[in-house]
Amino acid sequence: MKKPVVRKIHWSVLSILFSLFATSAGASLFEDDDARKAILDLRQRIETVRLDSEQSASRVSEEGGSLRRSLLDLQNQIETLRSELARLRGSNEQLSRDVADIQRQQKDITQGVDERFRQFEPVKITFDGREFTAEPAEKRDYETALALFKKGDFAVAQTSFLNFFKRYPKSGFGPSALFWLGNAQYVTRDYKEAIINFRALIAIDSEHLRAPEAVLSIANCQIELKDNRGARKTLEDLLKTYPRSEAAVAAKERLVRLK
């Protein structure tokens with residue numbers, strides 16, 4: 098930036114020297130006053146050149162300073178823009194994470210709602226040779242009553258099965274529940290009620306998987322009640338109706354003992 102000023106000073110100095118040389122060559126042509134005047138004029142010209150040079154250098158320095166300040170301001174603006182851009186990117190990333198979290202929460206809520214609805218929806222069940230639909234609560238209550246029977250809590254199991262029938266009178270578990278209710282009553286020696294429930298099972302579904310066992314259980318109750326004649330008739334009916342069942346094998350053995 099300072100080269101033009103240097104050239105200007107250089108040419109100015111050369112001009113002054115040339116003038117000085119010319120003045121010296123013709124000094125004899127002037128009087129002393131003229132010489133002093135020429136010298137003063139030369140000094141004035143040199144001073145003018147010096148001031149012009151200093152002013153030019155000052156202007157160049159000021160312009161350079163102004164340019165540097167402009168560049169510094171521009172750099173600061175660029176850094177500010179970069180910071181703002183970084184902040185916006187960070188906000189965008191956070192927003193993306195927030196949206197993803199909300200979407201996951203919505204998915205979890207939807208799955209939770211679906212899961213809760215499924216807890217009340219009827220499900221298809223295959224049990225004791227029969228296929229039917231049952232509510233989850235219905236299945237749970239039946240399994241609870243059966244677990245009590247298997248545990249040996251026969252009196253509590255009876256109550257649980259009776260409550261089951263009150264809640265689910267048309268349940269697909271009905272024949273099986275009658276069978277286990279009758280067995281619980283047989284164990285507690287409530288033979289007459291047991292016979293009623295075994296016969297109810299056969300009346301509802303004579304082809305049920307538990308039907309042959311129910312007929313055999315009726316005969317057992319009759320034997321306990323000293324009704325051997327009735328028991329013999331029941332066992333004979335079992336052999337006729339379910340000749341290939343496992344219960345029929347046991348019926349033959351009991352008939353031998355009753356004769």
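In terms of the working numbering, the sequence shown is numbered consecutively and its last residue is 356. Each residue gets a CB set at the ideal place from its N, CA and C atoms; glycine is no exception.
Residue 241: member of the alpha helix (DSSP H) spanning 233 to 248, first to last residue. A direct Cα-Cα distance of roughly 35 angstroms separates residue 316 from residue 232. Taking each of 241, 313 and 174 in turn and checking the Cα distance to residue 347, the smallest one comes out for 313. Look at the beta carbons and you see the region 265 to 273 touching the region 295 to 310: at least three pairs across the two are nearer than 8 angstroms. Judged by their CB atoms, residue 253 and residue 236 are not nearer to each other than the 9 angstroms cut-off. For residue 256, no beta strand (DSSP E) run applies; the uninterrupted alpha helix (DSSP H) run containing it begins and ends at 251 to 264, by DSSP. In the three-state DSSP reduction, residue 333 falls in the helix class (H, G or I). Taken through DSSP and simplified to helix, strand or coil, residue 221 comes out as strand. In terms of Cβ geometry, residue 280 and residue 246 form a close pair [threshold 9 angstroms].
The C-beta of residue 311 has 16 or more other C-beta atoms within 10 Å across all chains shown, which makes the residue buried. According to the DSSP assignment, residue 309 belongs to the alpha helix (DSSP H) that extends over 308 to 321.
Residue 228 has 223 as its beta-bridge partners, per DSSP. In the DSSP annotation of this structure, the continuous segment of the alpha helix (DSSP H) that includes residue 271 starts and ends at 271 to 284. Residue state for residue 324 is assigned as coil, using DSSP reduced to three classes. Around the C-beta of residue 200, fewer than 16 other C-beta atoms lie within 10 Å, and the residue is accordingly described as exposed. Residue burial annotation: residue 202 is exposed, with fewer than 16 other C-beta atoms found within 10 angstroms of its C-beta. Rounded to the nearest whole angstrom, the CA to CA distance from residue 349 to residue 278 is 25 angstroms. Closest option to residue 276, judged by alpha-carbon separation, among 259, 263 and 149: 259.
Per DSSP, reduced to three states, the secondary structure at residue 303 is coil, with no helix or strand assignment. In terms of Cβ geometry, residue 322 and residue 288 form a close pair [threshold 9 angstroms]. Minimum Cα-Cα distance from residue 296 among the listed residues 344, 331, 325 and 193 corresponds to 331. Note on residue 298: 16 or more other CB atoms within 10 angstroms of its CB, so buried under the neighbour-count rule. In the same chain as residue 339, and ignoring 5 residues on each side of it, the C-beta atoms closer than 8 angstroms to its own belong to 308, 309, 312 and 345, in chain order. If you draw a straight line from the Cα of residue 195 to the Cα of residue 187, it comes to about 12 angstroms.
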